[in-house]
Structure formats: C-alpha cells, structure tokens
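Undergrad:
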Amino acid sequence: MSAETDIAVLGAGPAGGAAALAAAAGGARVVLIDEQAHPGGQVWRKKDVDLPGLAETPETCAGARLRGDLEASGATFLGGTRLWHIERVEGGWRLHLLTRGDRAETLTARAAILAPGAREFVQPFAGWTTPGVYGLAGATALMKSQGCPPGRRSVVAGGGPLALFAAAEILRLGGEVAAVATPNGRGDWLRCAPILAANPALARRGAELIARIRRAGVPILWRHVVTRAEGDRALIRVHAAPCGAEWAPTGAARAFDADALCVGHGLIPNVDVAVLAGLPRVYDADRGGWVVEAGPDGRTALEGLFLCGDGAALRGAETAARAGAGTGQAALADLRGTPAPPPAPRRPDLRARFGRAMTALARPRPGLLRLTRPNTVVCRCESLTRATLDAAIDAGAAGLDALKSATRCGMGPCGGRYCLTAAARLIEDRTGAAEGTVPPPVPRPPLFPLPVAAVAAGFDYDDLPIPAPAPL
Amino acid sequence: MTRPWDIAVVGGGIMGCATALGLAEGGMRVVVLDKGDLCQGASGVNAGTLSLQIKRVSLMDYALRGHELWEAMGDAVGFRKTGGYTLAFTPREAALLEERQTLKRAAGAPITFVSPKAVWAAEPGIADSVVAASYCPEDGYANSSLTGAYYRARLTEAGIAVRVRCPVEGVEASAGSFALATPDGPVRAARLLLAGGAWLAPLAAMLGVDLPVRARVNTVSVTEAMPALFSTVIGHATGLLTMKQKPNGTVLIGGGWQGRGTPDAGRGQVSADTLAPNVALACHAVPALQDARLLRSWTGFEANVPDFYPLAGALGGVEGAYVLGCVRGGFTIGPYLGRLMADLILGRAPERPLFDPNRSFEGDT
Numbered sequence: 001m002s003a004e005t006d007i008a009v010l011g012a013g014p015a016g017g018a019a020a021l022a023a024a025a026g027g028a029r030v031v032l033i034d035e036q037a038h039p040g041g042q043v044w045r046k047k048d049v050d051l052p053g054l055a056e057t058p059e060t061c062a063g064a065r066l067r068g069d070l071e072a073s074g075a076t077f078l079g080g081t082r083l084w085h086i087e088r089v090e091g092g093w094r095l096h097l098l099t100r101g102d103r104a105e106t107l108t109a110r111a112a113i114l115a116p117g118a119r120e121f122v123q124p125f126a127g128w129t130t131p132g133v134y135g136l137a138g139a140t141a142l143m144k145s146q147g148c149p150p151g152r153r154s155v156v157a158g159g160g161p162l163a164l165f166a167a168a169e170i171l172r173l174g175g176e177v178a179a180v181a182t183p184n185g186r187g188d189w190l191r192c193a194p195i196l197a198a199n200p201a202l203a204r205r206g207a208e209l210i211a212r213i214r215r216a217g218v219p220i221l222w223r224h225v226v227t228r229a230e231g232d233r234a235l236i237r238v239h240a241a242p243c244g245a246e247w248a249p250t251g252a253a254r255a256f257d258a259d260a261l262c263v264g265h266g267l268i269p270n271v272d273v274a275v276l277a278g279l280p281r282v283y284d285a286d287r288g289g290w291v292v293e294a295g296p297d298g299r300t301a302l303e304g305l306f307l308c309g310d311g312a313a314l315r316g317a318e319t320a321a322r323a324g325a326g327t328g329q330a331a332l333a334d335l336r337g338t339p340a341p342p343p344a345p346r347r348p349d350l351r352a353r354f355g356r357a358m359t360a361l362a363r364p365r366p367g368l369l370r371l372t373r374p375n376t377v378v379c380r381c382e383s384l385t386r387a388t389l390d391a392a393i394d395a396g397a398a399g400l401d402a403l404k405s406a407t408r409c410g411m412g413p414c415g416g417r418y419c420l421t422a423a424a425r426l427i428e429d430r431t432g433a434a435e436g437t438v439p440p441p442v443p444r445p446p447l448f449p450l451p452v453a454a455v456a457a458g459f460d461y462d463d464l465p466i467p468a469p470a471p472l
Numbered sequence: 473m474t475r476p477w478d479i480a481v482v483g484g485g486i487m488g489c490a491t492a493l494g495l496a497e498g499g500m501r502v503v504v505l506d507k508g509d510l511c512q513g514a515s516g517v518n519a520g521t522l523s524l525q526i527k528r529v530s531l532m533d534y535a536l537r538g539h540e541l542w543e544a545m546g547d548a549v550g551f552r553k554t555g556g557y558t559l560a561f562t563p564r565e566a567a568l569l570e571e572r573q574t575l576k577r578a579a580g581a582p583i584t585f586v587s588p589k590a591v592w593a594a595e596p597g598i599a600d601s602v603v604a605a606s607y608c609p610e611d612g613y614a615n616s617s618l619t620g621a622y623y624r625a626r627l628t629e630a631g632i633a634v635r636v637r638c639p640v641e642g643v644e645a646s647a648g649s650f651a652l653a654t655p656d657g658p659v660r661a662a663r664l665l666l667a668g669g670a671w672l673a674p675l676a677a678m679l680g681v682d683l684p685v686r687a688r689v690n691t692v693s694v695t696e697a698m699p700a701l702f703s704t705v706i707g708h709a710t711g712l713l714t715m716k717q718k719p720n721g722t723v724l725i726g727g728g729w730q731g732r733g734t735p736d737a738g739r740g741q742v743s744a745d746t747l748a749p750n751v752a753l754a755c756h757a758v759p760a761l762q763d764a765r766l767l768r769s770w771t772g773f774e775a776n777v778p779d780f781y782p783l784a785g786a787l788g789g790v791e792g793a794y795v796l797g798c799v800r801g802g803f804t805i806g807p808y809l810g811r812l813m814a815d816l817i818l819g820r821a822p823e824r825p826l827f828d829p830n831r832s833f834e835g836d837t
C-alpha cells in the first residue's frame, strides 16, 4: 500500500509531537509515525496499565496533554509503525514503513521531519549481558509503561539526573533499591548550581528525588561505577567501585545483593535515518557524539528534510518540544512558499542550558573503557570479546568498516547499535586516535530486522524483468 | 629524500593487492595506497559468489584458474566449494539456460544439466516450480568481508608498505618516475599501477588518459541466521539471483539488482524498488525464506567498460604506468589477473594474454 501526504513526522515524542501539531495547525496534511502504540516518546510515555493510586508526574501530564492535542488536531497518527528505509524522490521523500501486522507500506511526503530521539549507551562491563541487567533508560520506560519496578531489589547506576529519577521511581512503585551509584561527584552537581537556581522547579524536583532516596535509607555512592554484574543465569550481586573524574575505577569494589541492575552511560542521538537519507555526520560531544547538522528551525542540508529534538542535540524534552514546534512551522512555511516565521526573540534559554548541563553530567568519559576487560563481550550478537576486537585492531583494522569485515562486530540483528560506539572507542584507544575520529559505519537498510515476507509481498513472478543477456 | 618505490599501486582491492604480492615476490619494493581501507570497495562488499555458471565464456579459462587460487586461500577467506545449481522456472528461462550453459560447458566449465527431480533430491528446500536446472560441482563462494584482513596480513608478510585513508590527489609523471600527491605527503615511485576499481577514471585522468569506465550499483542483502535451508550456491537462469547460506545460517542474496548513486558521490544507495523483486525472487527459489528477516542490504560499485572486457596492461602514452580493473566477475578472476599483471610489469611473459587498455571500446556490448 502506498499513500501521500504533505508532511511526514517520524517520532512522536516531545519534538515530533510538537512539530506535527504546529504543521497541522497550519492546515497541512500531516502523518505522525511512531513505533509505540501512542504518542509521547520515551519521556512522555503513556502508561499501558492504569494503576489506581499512582500519582501523576509532570511527564505523565505533559504526555496526556500532547496526546489530547494531537487527537484534536488534524494530524493522522500511525502507531506501531517503524521506518526501514528512506529515499529521496521527485518532489519529496519516500518513507518505507512496516506497519502493525507486519505490512510493508510506503508514504511519500513533500517534507519529512525527523524527530528520532536518542538511544541508550552502555559501556560493556563484566557480566553486562546477565539476565536482570537493564539499560537505565530502558528500565525507566518499563516503569512508565508497566508501572512495576524492574526487580525486587535493584541497583541503579549512571550519570546525570536519570539515575536519581529511576531510583526514586523504583521506590515509588514499591521496589527496593540496594544502592545508587553515580560517576558524578557532588562537585559536578555543585558546579550546576547556577543553572539549577535559574530553573527552580526542576531543581526542587531533583531535591525531592534525592530526599526520597535518602528517606528510604538507600546509599548514594558518588563517583562510583558498576564494575561487575555477578550471576550465572540471573543476576545475584552487583559490584560498584569508586572512580576518578574520567570515570575509570580506582579502588576496591563493594558488593550489593540485587536481582536487577539499571545501568546506563549516557544517551546517543539516533542519527541513522538522517544519515541514511544522505546527511553527513560530525562529532560533537556536547550534542551527544556523532550528530547531524540542523539549523535552529530544523532545516538540514537536504531540501525538504528536517531534524529536531534529542536526535539533533541532547537537550531534554522541554527543549525538544520547543524545537519541534519551530521545525513544524518552518516545514509548513517551505511547503507554502511563505517566509518562515521570525525566529523566537533571543532570550536566555534556561531550559536549553539546563538540558545541556544535564547532558554534560551524563556524557560518557574515557575512563569507562577500563570497565571492558579482555574477556568482556563487546558485540553480544556475535559474542565477540574485547580481546578478539583488540587483536583485529592490532592487525590493522583501524576503522569500524574494517573491524566489521574482519570480525563481524556489529553485523548481527542489532545492526551495531549496542556495540559500535564502544568499538569505536576501542579503536581510538588502541591506535592513539583522538575521541570522535572513528566514525560509525554508514547505516544500511533495513534499519531493523525486516520480515522478508513483507518486502516480497505483492511480487508477481510474471512481472520479473528479463534483463538484456549478459555478454558471453 | 627517501628512495622512490619501485612501484606504487593505487587501490587496495583484490586487483591491487594480488598484483602487489606478485611484484614483491619478483623483488620489487611496493607501496599500496588506498583512499579508504583495503578491500572496502567492490572487493569486500560483493556477494562472494564463485560460480563458473555466471562467468563470461571468453573469460572461462581465467575463471577456472581463479577458482584454484581461491581454493588455495581456503579458510582465511571463508572459501567453500559447495557446488551450485542454476534454476529455470519457465520454458523461456529453460531455453536461455540451455543456450548459455552449453556454451560455458564448451569453454571448459564442468557444467551438466540436471532434472528438477535431481535438484529436489539434493536440495529439498528448492521450490517445486523448477522446470530445468544446471549444476556445476566447482561452484562455491568465499567471504568477501574477509578479503581485507586476508590481504592486509599477506601484504605485511611480504614487506609491502600499505597506506590507507590516503587518497591520491594528483600525479606528476616525469621521465621514469611518478610523484603522487597525498594528504600524507608526496609518494615517489618508478612505476605506477592504477587499480582503483570504480574510481579508475578520475585516476587515469590525472595522467591525461580518458578511460570510459562506468559503474553498476549492485545490491546484496543478508538475512538473520536461519535453520539449514540449502547447501549449494543457487542461481537463476536470467542471472538475476545468486544465493548461498553461510555456515552461521545467514543467507546472502545477490543478483546484480541496481541501487542508485555514483562512485564520485560516495556510497551507493539501496533502492526499495529493486530490493523487493530481488528478495521476492529469492523466496520464489527457496520458499522457506519467507520466514526469514532481512538484516541488511547494501550496494557495491562494479566497474566496467563498454565491451565488458578487463582493462589490464600498460597505459598507452605514459611510460611506466599500468592499469588493472573493470573485470567482469572480478572477485573470482581478480587474484589470477593480479598474477598475470605482476608478470607483465616484471618483464616476464604472462601465461595468458592480458587486455590492452588502449583498445577501441566500440561494439561487443
């Protein structure tokens, strides 16, 4: 099946949702696409279960507001739908989609707004593939949608505010938290004091989270990293050690009995769709690593292709929503041939500064590489250890394409999403190259494992074009 | 100033690496330069099919020798001799199959025609709609991904200098020597071999030579690991399908379906319009593939000239400059042509004729 629209928006989180609303408000035909069943993205995710007595949070309220506004708008929401390929066509962009029920469909749009958000980075450490180990953001999503903690007794580990939020959320949902380990020091947070003071509501919320954790008697281990997840078939114990400013473990680890570990080492902007569409990547640690250039109104170097939200720069939900609205207006103006609305008056963007400071707190530091031991699996799809990858790098595979070819690292079902960021850092470390000089391979379609039956459907053997015979 | 190299090989694909090895064996000091990394172009991204049933009749001799060389490289390049079937599903395809495979058989490929029953007995996973088939026991595949690591090790052993991520930005030819401009500084060499695959034309243009090199944008796809579905290399009478299941269970699907893009614009792009029939044809041949999931599709640039014969020889008008490329079936034949090319450059008589790059390209398309 194929359809057409004026504006396709990929990703229905704060950025994409706001973009769709802005474009639809101007009367454009808008299709909003998301792999989740409901708009909201990760941060404003809709609860799948309605537990009585569970208080609303600012995030659930914002999500409900967005879903209500979208319902009332003229935008069409296509949930449960993923994009596996994007191609430039005459007068626009063609999105190749897999919809509910595993059907392949295409949507051709005069403009495409990408709001793909971010994904989680976990530096491989001893035992990180043990059942019971969750990504920090993944565990947060689980709690938001299912309303249950990830285990009976959890250790929560990671930088920035997300670890504190996740720990408080576990407690709120009736779970036990054995410890919170954060590589940030108290000093890191103190340095954010001016920005926190300028955002009193957010600062108050952070203080409440910490108070709730303290009240429950949960130790907060500042400047600590998880060095090992112990357990054979399931997690039984988590080891956390003090770390330095660059997050390398420096001392003896403490052990905590736990059946769940929520651990994350920052977020990575999802740039795969933008790169597949033909945009170049640049490295900018401040924006989240390898990113694609987009203007403040979301415009990219390719006509009719826009990018906004955490997929452009990690700045958090509030900033993403504002950027999304501006991007939706810019796409609408281009479509109409009218001048774009004047840029918002320049004023100190406190929310953006806050988002930027929180991103900086969570940004993975180079010492993390020390968590990955020679026998630690780095590529879990192909079961490749650091020692195997190091040997290939030493034999001359000094780029990710060469490393993939030589070892199959990143060639399994995950498409390298789990391992290639860590593998790039291994190459940089091993060859003495600077951070951000080993680019990830160009993404290849399909962007996720695609049912062959869906692609092959509708093929009629009689339509097979018989080519001119090859020269004999 | 450092001593000039005896020869600079521009392009570290199979052609360039194989020639470099022959030249080093013959005593030359060799440097290989690549704008990217070794075997990351067509050499490393093709489907790896080693099938005599899809080789040009007039290059069959070369292909037979190529198969021997791949077999000798063995496990290091994932070589498997599995045998291969070429399938026809309509009377028209059957006629095409008979006509073409008869000629290839006459040229020396041990191809036989087999009944559909024999096909199903050997390969129960093949569709029951087959009406005719041919078989070649010499067919198989290698893992093109491993060619880069393989040649890197071989070049290092042979003491050949390798400069990767080192594009040649200009060439100055003067009496008996070449100066190559690179981001790492000038490289001087007494001789020059251009083995830049789909990027040959701009390289030759630096020497003032116009080569009519074009590129096909071939698509290859791979599925996730599947239970054993078939064990041989499977082709289609039209040439629109090559398929093999690897030891790890993944199925590699090729057949020369065209993506988009040009070599000078970087990588090619997969076209959904051609990917769909390519994958559907694979399912037509082996229906159980319907249950698989596609993990990845990609493209590679296969260079050719209008007569589809290789460019392999001295470049006219530029003393000491040579060119090797545009070989139809270059993955299979490349290692052998590299040997012949090394012989030519070393002043020995190659055991089979090479292909004058200065010929007229009219006709025979």
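Those protein sequence lines, which keep their order, are chains A and B.
Residue numbering for the first sequence follows this note's numbering, beginning at 1 and increasing consecutively.
Residue numbering for the second sequence follows this note's numbering, beginning at 473 and increasing consecutively.
Beta carbons are placed, not taken as given, at the ideal position from N, Cα and C, and that holds for glycine.
Model, not experiment: these values are computed from the prediction.
Please state whether the Cβ-Cβ distance between G328 (chain A) and A23 (chain A) is less than 8 Å.
TA: It is a contact, given that the beta carbons lie within the stated cut-off.
Undergrad: Which residue or residues does DSSP assign as beta-bridge partners of M715 (chain B)?
TA: M715 (chain B) is bridged to B:I706 and B:I725.
Undergrad: Flag this pair as yes or no: are the beta carbons of A75 (chain A) and L10 (chain A) separated by less than 8 Å?
TA: No, the Cβ-Cβ distance between A75 (chain A) and L10 (chain A) is not below 8 Å.
Undergrad: Apart from the five residues on each side of it in sequence, which residues of its chain come closer than 6 Å, Cβ to Cβ, to A8 (chain A)?
TA: V31, L95, L107, A109 and A112.
Undergrad: Relative to the alpha-carbon of P443 (chain A), which residue among B:P829, B:G740, B:L675 and B:L816 has its alpha-carbon at the smallest distance?
TA: Checking every option, the nearest Cα to that of P443 (chain A) belongs to B:G740.
Undergrad: Tell me the residue span of the alpha helix (DSSP H) that contains Y622 (chain B).
TA: Counting along the chain, the alpha helix (DSSP H) containing Y622 (chain B) begins and ends at T619 to E629.
Undergrad: Listed in chain order, which residues of the stretch 654 to 676 of chain B have Cβ atoms closer than 8 Å to some Cβ of chain A?
TA: The stretch 654 to 676 of chain B vs chain A, Cβ under 8 Å: nothing.
Undergrad: Strictly under 8 Å for the Cβ-Cβ distance: is S515 (chain B) near chain A by that measure?
TA: For S515 (chain B), the answer is no, since every Cβ of chain A falls outside 8 Å of its Cβ.
Undergrad: Counting C-beta neighbours from all protein chains within 10 Å, is the total for A700 (chain B) 16 or more, i.e. buried, or is it exposed?
TA: A700 (chain B) is exposed by the Cβ-count criterion.
Undergrad: Which residues of chain B have a Cβ atom closer than 9 Å to the Cβ of E87 (chain A), listed in chain order?
TA: Within 9 Å Cβ-Cβ: R732, Q741, V742, S743, A744 and D745.
Undergrad: Output the residue ranges of the alpha helix (DSSP H) runs that lie fully inside the stretch 564 to 590 of chain B and measure 4 residues or longer, sorted by chain position.
TA: Those alpha helix (DSSP H) runs which fall completely within the stretch 564 to 590 of chain B and span 4+ residues do not exist here.
Undergrad: Comparing C-alpha positions only, which one of A:D297, A:L307, A:R380 and A:A362 sits nearest to A340 (chain A)?
TA: If we check each option's Cα against that of A340 (chain A), A:D297 comes out closest.
Undergrad: Comparing alpha-carbon positions, which option in B:G612, B:A590, B:S649 and B:L569 lies nearest E791 (chain B)?
TA: When each option's Cα is compared against that of E791 (chain B), the closest is B:S649.
Undergrad: Provide the residue span of the alpha helix (DSSP H) that contains V273 (chain A), from first to last.
TA: Note, V273 (chain A): alpha helix (DSSP H), D272 to L276.
Undergrad: Name the DSSP bridge partner or partners of K553 (chain B)?
TA: According to DSSP, K553 (chain B) bridges with B:G612.
Undergrad: Would L173 (chain A) pass as a contact of A137 (chain A) if the rule is Cβ separation under 8 Å?
TA: Going by C-beta atoms, L173 (chain A) is not nearer than 8 Å to A137 (chain A).
Undergrad: Per the DSSP calculation, Q730 (chain B) is bridged to which residue(s)?
TA: For Q730 (chain B), which the question treats as bridged, DSSP gives the partners B:N690.
Undergrad: Figure out for me which residue from B:A593, B:G597 and B:G797 has the closest Cα to the Cα of V758 (chain B).
TA: Among B:A593, B:G597 and B:G797, the Cα nearest to that of V758 (chain B) is on B:G597.
Undergrad: What does T844 (chain B) touch in chain A if you count any residue whose Cβ is under 8 Å from its own?
TA: Nothing about residue 844 (chain B) can be read from this structure; chain B reaches only from 473 to 837.
Undergrad: If we cut at 8 Å on Cβ distances, does D506 (chain B) have a partner in chain A?
TA: No, no contact with chain A.
Undergrad: Quick one: using the 10 Å Cβ neighbour count with 16 as the cut-off for buried, is S646 (chain B) buried or exposed?
TA: By the neighbour-count rule (16 or more Cβ atoms within 10 Å), S646 (chain B) is not buried but exposed.
Undergrad: Can you check which of these residues, A:L267, A:A37, A:D462 and A:W93, is closest to R363 (chain A) by C-alpha distance?
TA: Among A:L267, A:A37, A:D462 and A:W93, the Cα nearest to that of R363 (chain A) is on A:L267.
Undergrad: So, helix, strand or coil for G651 (chain B), using DSSP?
TA: Correcting the residue type first, residue 651 (chain B) is Ala in the shown sequence and not Gly. A651 (chain B): strand per DSSP, three-state reduction.
Undergrad: Could you work out which residues of chain A lie near R765 (chain B), taking near to mean beta carbons separated by less than 7 Å?
TA: Correct list: P449, L450, P451 and V452.
Undergrad: For L305 (chain A) and L114 (chain A), what's the separation of their Cα atoms in angstroms?
TA: If you take the alpha carbons of L305 (chain A) and L114 (chain A), they lie about 8 Å apart.
Undergrad: Report the neighbours of G498 (chain B) on chain A: residues whose CB is nearer than 9 Å to its CB, in chain order.
TA: Within 9 Å Cβ-Cβ: nothing; G498 (chain B) doesn't reach chain A, min ~24 Å.
Undergrad: Can you name the residues of chain A whose CB is closer than 7 Å to the CB of L761 (chain B)?
TA: Simply V452.
Undergrad: In terms of residue numbering, what span does the alpha helix (DSSP H) encompassing S383 (chain A) cover?
TA: Counting along the chain, S383 (chain A) falls outside any alpha helix (DSSP H), and DSSP gives it neither H nor E.
Undergrad: Near G26 (chain A), which residues of its chain fall below 7 Å by C-beta distance, leaving aside the five closest residues on each side in sequence?
TA: For G26 (chain A), where only same-chain residues beyond five positions count, the Cβ hits under 7 Å are L332.
Undergrad: With a floor of 4 residues, list each alpha helix (DSSP H) that falls wholly inside the stretch 56 to 81 of chain A, ordered by position along the chain.
TA: Runs found: 58 to 72.
Undergrad: Return the CA-CA distance between V292 (chain A) and S383 (chain A), expressed in angstroms with no decimal places.
TA: Rounded to the nearest angstrom, the two C-alpha atoms are 31 Å apart.
Undergrad: Quick check on this structure: which residue in B:R577, B:V502, B:G513 and B:T710 has the alpha carbon closest to the alpha carbon of L531 (chain B)?
TA: The residue with the shortest Cα to Cα distance from L531 (chain B) is B:R577.
Undergrad: Go ahead and pull the three-state DSSP assignment for E293 (chain A).
TA: It is coil, neither helix nor strand.
Undergrad: Look at the alpha carbon of D102 (chain A) and the alpha carbon of P194 (chain A), and state the distance between them as a whole number of angstroms.
TA: The straight-line gap from Cα to Cα measures roughly 50 Å.
Undergrad: Report the option in B:R768, B:S606, B:V591 and B:S616 whose CA atom is closest to the CA atom of G485 (chain B).
TA: Checking every option, the nearest Cα to that of G485 (chain B) belongs to B:S616.
Undergrad: Using a Cβ cut-off of 9 Å, pull out every chain A residue sitting near A821 (chain B), in sequence order please.
TA: The contacting residues do not exist; A821 (chain B) stays about 28 Å from chain A at best.
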